[in-house]
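Residues in the sequence shown are numbered consecutively from 14, following the numbering used here.
Using N, Cα and C, we set each Cβ at its ideal position, and we do this for glycine too.
Structure record follows, encoded as structure tokens.
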Amino acid sequence: MSEAKFIHNDLKLVEPSFGSTLTDLIIELDYLRKKQLGGSTHPKVFFQLKHIFHTLESIGSARIEGNNTTIAEYIETKLTETKKVPPSIKEIQNIEKAMAFIEQNVNDYSINRAFLSEMHKMIVDGLLPPPEGEGDATPGEYRKRNLKINKSLHLPPDWLDVDDYMNELIAFVNREDSPKYDLLKAAIAHHRFVWIHPYGNGNGRAVRLFTYAMLVKTGFNVNVGRIINPTAVFCSNRNDYCNFLSEADKGADEGIMAWVEYVLKGLKEEIEKIDKLSDYTFLRKEILLPAISHSLERKYITDVESKILKKVIDLQVIQAADVKEFFVGKANAEVSRQIKRLIDKKMISPEKDGTRKYVLRFDNSYLLRSIIKLLGDKGFLPVRDEF
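Right, here's the structure in full:
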């Protein structure tokens, strides 16, 4: 392999021709961005799904960097409380926390140096710096040494130039351009961040969160019924990810265009796929009901619990009277006991505090294993594992 070298490339917007596939992708994604999701899935159920995809996004991002934790292993850490977790699990937990930070703050603040610094600190929190671990000796600060990227012909800029390059990138991201350039800018900025490699470690994890932040900022509103999972684009085939980045490293418009098209094509496919989950008819038939059957087969739940949970899924919101048919001849107290048992097992939860109406809960119970399995069976997982 040739020796890596640094070649300066200007940061600029490329202009795809009107008849190109890339222009079609930008138009289609702009439509998806503005599309009102008339989701029929109950918000409490939808946000549990969203949380699952945050988890999957975090596992996928760590996986690209060589973390071998399986989905099953990570899900088990959610089902059993452990005070001390291994670094590989901590790395994924950190990415989840950083995603939550982005959603809570990105619409109120600029994606600037302070924002990125906070994000980077979260990513490397509690992890030893290399070679022992996946942390960084200077969390939140730009590197003060020169770096090489493993298996890349591109040598990142000298550490003395990182400040200038990052200032330029942040100005580029925050520049007032026409909204038609938003997605183009997000993909170009992803490549530029990797090209600069601003931190001592954690750059891969940071850039994927940076991309997530840009997408939320540009109107893929994840707080009103949409899930976006950009890491799925990159982790489905790590070689493609690295090869397209390498082509863009050369600085020619063709390589940048190919990179942008790769990112936006994957993003469009992911968004169209995951948007299906906001349609409750689809979610009920393809994921939730089969997950209850799977849980019963695996003896995670009893036959009576299975019947109650299927009723919850059918109605979305239930009260005690809706499940009395399963307790013929039994006192009302028995129905209340069964409902309380399901609440204690974290399989249903009150629709609102203080009410006696209940919705399905699966984000922190043994039902989670079955939901993940069904999402995998239907092709929704960004990372493929045997579950």
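Selection from the options that minimises the alpha carbon distance to residue i
i: SER378; options: MET132, LYS358, ILE321 and SER165; result: LYS358
i: LEU160; options: LEU290, ALA150, TRP172 and GLY32; result: TRP172
i: ILE131; options: PHE223, GLU70, SER249 and PHE60; result: Looking at the sequence provided, one finds Glu at residue 131 rather than Ile. Measuring from the Cα of GLU131, the nearest candidate turns out to be PHE223.
i: ASN214; options: ARG158, GLU338 and LYS230; result: ARG158
i: PRO395; options: CYS248, THR95 and ILE115; result: CYS248
i: GLY217; options: THR90, GLY148, GLY264 and ILE300; result: GLY148
i: ASP190; options: ARG374, LYS18 and LYS25; result: LYS25
i: VAL317; options: LYS298, GLU338, PRO56 and ALA17; result: GLU338
i: ARG297; options: LYS193, LYS391 and ARG239; result: LYS391
i: GLY264; options: LEU166, VAL186, ILE40 and GLU299; result: LEU166
i: GLU299; options: PHE393, PRO142 and SER319; result: PHE393
i: ASN120; options: LEU69, PHE233 and PRO56; result: PHE233
i: LEU69; options: LYS365, THR244, GLU104 and LYS343; result: THR244
i: LYS193; options: TYR44, PHE375 and PHE340; result: TYR44
i: ARG374; options: PRO211, GLY342, ARG156 and ILE326; result: ILE326
i: ARG126; options: LYS164, ILE356 and ALA184; result: ALA184
i: LEU301; options: THR54, ASN345 and GLY146; result: THR54
i: PRO389; options: ALA334, THR93 and THR83; result: A small fix is needed here, since residue 389 is Gly in this sequence, not Pro. Ranking ALA334, THR93 and THR83 by Cα distance to GLY389 puts THR83 first.
i: PHE59; options: ASP335, LYS365, TYR293 and MET112; result: TYR293
i: ILE124; options: GLY153, ASN187, LEU92 and LEU355; result: ASN187
i: VAL235; options: ALA150, TYR254 and GLY52; result: GLY52
i: ASN252; options: SER308, LYS164, LEU355 and LEU309; result: LYS164
i: LEU328; options: ILE361, ILE356 and TYR87; result: ILE361
i: TYR155; options: LEU140, GLU145, LEU129 and LEU141; result: LEU129
i: ILE162; options: ALA346, THR315, LYS18 and GLU145; result: LYS18
i: ARG354; options: ALA334, LYS324 and THR315; result: THR315
i: PRO211; options: GLY146, ASN242 and THR151; result: THR151
i: GLY73; options: GLU145, ASN242 and PHE31; result: ASN242
Cβ-Cβ separation, residue j to residue i (assumed contact under 8 Å), whole Å
i: ILE284; j: ILE65; result: That belief does not hold up - the Cβ atoms of ILE284 and ILE65 are roughly 17 Å apart, past 8 Å.
i: LEU322; j: ILE305; result: 5 Å
i: ILE287; j: ILE240; result: 5 Å
i: VAL330; j: VAL372; result: 6 Å
i: GLU104; j: LEU140; result: 6 Å
i: LYS57; j: GLU364; result: 7 Å
i: ASP376; j: GLN61; result: 4 Å
Close beta carbons around residue i, own chain, < 8 Å, minus the five adjacent residues each side
i: VAL220; result: HIS203, PHE206 and VAL207
i: ALA271; result: PHE257, GLU260 and ALA261
i: ASP266; result: VAL27
i: TYR313; result: TYR379, LEU380, ARG382 and SER383
i: ILE209; result: PRO169, PRO170, VAL175, TYR178, MET179 and LEU182
i: LYS63; result: VAL235 and ILE240
i: SER3; result: The structure shown has nothing for residue 3, since the chain only spans 14 to 400.
i: ASP42; result: Here residue 42 turns out to be Leu, not Asp, going by the sequence shown. Once the five neighbours on either side are set aside, the close Cβ partners of LEU42 are LEU196, LEU277, LEU280, LYS281 and ILE284.
i: ASP335; result: LYS324 and LEU328
i: SER30; result: THR36
Same chain only: Cβ atoms within 6 Å of residue i, ignoring 5 sequence neighbours per side
i: GLU399; result: With a pLDDT of only 46 at GLU399, under the threshold of 50, the placement of this residue in the model should not be trusted, and no figure is reported.
i: ASP23; result: none
i: ARG369; result: GLN332
i: PRO143; result: ASN214
i: LEU309; result: SER319
i: HIS67; result: GLU109 and MET112
i: TYR122; result: PHE128
i: TYR254; result: PHE247
i: THR231; result: ASP195
i: THR90; result: ILE102
i: THR93; result: none
i: SER71; result: ILE105, ILE108 and GLU109
Close beta carbons around residue i, own chain, < 7 Å, minus the five adjacent residues each side
i: VAL246; result: VAL276, GLY279, LEU280 and GLU283
i: GLU274; result: THR34, LEU35 and LEU38
i: PRO303; result: LEU387
i: ILE356; result: SER362
i: SER15; result: LEU166
Interface flag, residue i vs chain C, CB-CB below 9 Å
i: ILE115; result: Considering every chain present, this structure includes no chain C. It has just one protein chain.
Checklist entry - Quick one: complete beta strand (DSSP E) runs, 3+ long, within the stretch 108–177? => result none
Item to check | Inter-stretch contact (C-beta, 8 Å, three-pair minimum) for the stretch 90–108 and the stretch 123–137 | outcome: yes
Checklist entry - Touching or not, the stretch 190–204 and the stretch 225–235, by the rule of three or more beta carbon pairs under 8 Å? => result yes
Next on the checklist: Under 8 Å, with one C-beta from each stretch per pair, do the stretch 95–104 and the stretch 112–129 reach the 3-pair mark?
Outcome noted: no
Item to check | Three-pair Cβ contact test at 8 Å for the stretch 44–63 versus the stretch 74–81 | outcome: no
Item to check | Minimum length 4: unbroken alpha helix (DSSP H) runs contained in the stretch 230–274 | outcome: 244–248 and 251–262
Checklist entry - Can you give, in chain order, each stretch of the alpha helix (DSSP H) that sits fully within the stretch 328–387 and has at least 4 residues? => result 345–357
Next on the checklist: Report the start-end ranges of each alpha helix (DSSP H) in the stretch 40–80 that is 4 residues or longer and not cut off at the edges.
Outcome noted: 56–77
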